Amino acid sequence: MKNWIRGTLALSLILTTLTAQAEVKTINDVLGRDVQVDVPAKRVVLGFYYPDYIAATGAKNFDQVVGISREFWEKFNPGSWNLYNQKLPNLNGIGDIGNVNTGTFSFEKTLAMKPDVVVLAKWQYDTLKAEMPRFEAANIPVVVVDYNDQTVQNHTKSTQIFGELAGTEQRANQAAQEYADGIADIQKRVKAAQIAKPKIYIEFGDKGPQEYSFTFGKNMWGAIADTVGGDNISRPFVEDWGPINPEQVLVSKPEVVMISGTEVGMNQPDAMAMGIDIPADEAQRRLKGFTTRNGWENLPAVKNNRVYGIYHVASRSLSDLASAQFMAKALYPEAFADVDPDKTYMDFHKKYLPVKPNGTFFIQLGCGASICDGNATDQANNNTESSTAASQADPAANTSENVSWFTKLTNWLKSLFA
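The numbers in our numbering rise by one with no breaks, and the one at position 142 of the sequence shown is 168.
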């Protein structure tokens, strides 16, 4: 009888503890919608932003994720997928809800996962608006987050939402604040520089030099350019992302050019390749190919050695503070001489993520480091001045390899009697 009483009391204590920990919480998402969610959520369907969810909640909480859109991670970013597969036990067998972007999203598959909450990117929610009544009928709350707009407000709010869903508010708030502080530092430096906004052109290099691919207007890389004080030449012609007339690039004369790429670029001989396990020399080779486009030899960016490669996946994410620093440093080299974007990127992974990425994430054409030491423009000018000075000091230095030995001998004899 005593054992039965003790058991009953113990069970009551456990139930009381669980009840105290669980609660129905009103979460205000990035669209301003108030959504009732049982937290901490035990079965989460996550449409996008997987590493950011891990950063805000911890790797252990990814065990509560029962479904994702696998194509975005597994196919588009295979280097990251393979890396995380080694650290997340449930990743390889995780459920697939399909790709909203290509119309393969399945409500039935999502429903079968019995989620406590479905978390969608804003652009996914916009595409699936017609499905919302079906979610409501099934009593499945849908929460919307957004990193694509690349605003401090949505980056930080989305991170805090992840923390609310998993019960890791302190961790999420810290990560969000560090992002906000980092962007504030960038903008403070840019303002102090007091120079005209340099013109910048950014392109996703998935099609190689032969064909112009997507550039970016008011979100993703375009929004980062706005945030860090760049004059994005594509902004007047492209709303979100899309192609631009090649002639417009030539006419606009960008002072900085950035070509983004992923590991998938290795599947084509000349597409831009950046990311996990991509060798720097291979990324350099592919980046150089873009400078051979018709007319690009006349662009200020090419003339002054201000052409850069950037990891396409290091955007629309908390980790893109490093990308913002990289772009800012390319635009304002002197103002960011003491800033190391590679270190920022690695430190973020060390602090908030279970993986350590090795590869090539940020490069300047012709440089071993992510950005050449000193001002790239000054470096190019110094190279020209050095070449001119050498030619004046030694007339033979001005000759080509095809000059005859007789001409060289004549020049030498003339120098004896000069």
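Beta carbons: idealized from backbone N, C-alpha and C, even for Gly.
If you're wondering where the values come from, they're calculated on a predicted model, not measured in any experiment.
Residue range 49-54 is occupied by the beta strand (DSSP E) that includes E49.
In the DSSP assignment, the residues bridged to T288 are A299.
Bounds of any alpha helix (DSSP H) do not take in Q62; it lies within the beta strand (DSSP E) bounded by 60-65. Comparing alpha-carbon positions, the option among L72, K51, G234 lying closest to V61 turns out to be K51. Excluding sequence positions up to five before and after V170, its CB lies within less than 6 angstroms of the CB of D55, V56, L57, L146, K148, Y151, all in the same chain and listed in chain order.
Assigned with DSSP and collapsed to three states, Y76 falls in helix. For the set Y76, A67, N87, the Cα lying nearest the Cα of E100 is the one of Y76. Inclusion of I226 and F242 in the CB contact set at 7 angstroms is not warranted, their separation being larger than that value. Shown here, G321 sits in coil according to DSSP, grouped into three states, outside any helix or strand. Separation of the CB atoms of G291 and D232 is rounded to 6 angstroms, and the pair is thereby assigned contact status at 8 angstroms.
According to the DSSP assignment, F230 belongs to the beta strand (DSSP E) that extends over 225-230.
With 16 or more other CB atoms across the displayed protein chains lying within 10 angstroms of its CB, E289 is buried. With 16 or more other Cβ atoms from the protein chains shown falling within 10 Å of its own Cβ, K355 counts as buried. Collapsing the DSSP output to three states places N103 in coil. Looking at N199, A198, P235, Y371, the one whose alpha-carbon comes closest to that of D296 is P235. A direct Cα-to-Cα measurement between T153 and T130 gives close to 12 angstroms. Within 10 angstroms of the beta-carbon of A299 lie 16 or more other beta-carbons, which makes it buried. Taking 7 angstroms as the cut-off, the Cβ atoms of F88 and I94 do not count as close.
Annotated three-state conformation of T194 is coil, per DSSP.
Contact between the segment 109-121 and the segment 376-383 is established, with three or more Cβ pairs separated by less than 8 angstroms. Along the length of the segment 317-366, whole alpha helix (DSSP H) runs at least 4 residues long occupy 326-329, 347-357, reported in chain order.
Contact check for I209 and V168: beta-carbon distance about 29 angstroms, past the 8 angstroms limit, so the pair fails to qualify. DSSP lists I226 as the bridge partner or partners of N258. DSSP places A164 outside both helix and strand once states are collapsed to three, so it counts as coil. For the set I285, P280, R312, V277, the Cα lying nearest the Cα of Q294 is the one of R312. DSSP, reduced to helix, strand and coil, places G243 outside both helices and strands of the structure shown, so it counts as coil. Beta-bridge pairing by DSSP links D122 to I94. Excluding five sequence positions before and after Y337, the CB atoms of its chain that fall closer than 6 angstroms to its own CB belong to M300, G301, F387, given in chain order.
In the three-state scheme derived from DSSP, where H, G and I count as helix and E and B as strand, G84 is classed as coil. A Cβ-Cβ distance of about 6 angstroms is found for the pair D78 and S343, placing them in contact under the 8 angstroms criterion. Setting aside the 5 residues that flank it on each side, L117 is surrounded in the same chain by Y110, N111, each with a C-beta closer than 7 angstroms to its C-beta; the list follows chain order.
With contacts defined by Cβ atoms closer than 7 angstroms, R96 and F133 do not form a contacting pair. The Cβ-Cβ distance between V92 and G121 falls below 7 angstroms. Between W247 and G193, the alpha-carbon positions lie close to 31 angstroms from each other. Rounded to whole angstroms, V65 and D142 show a C-alpha spacing of 9 angstroms.
In its chain, beyond the 5 residues on either side, Q186, G189 have a beta carbon closer than 7 angstroms to the beta carbon of N199.
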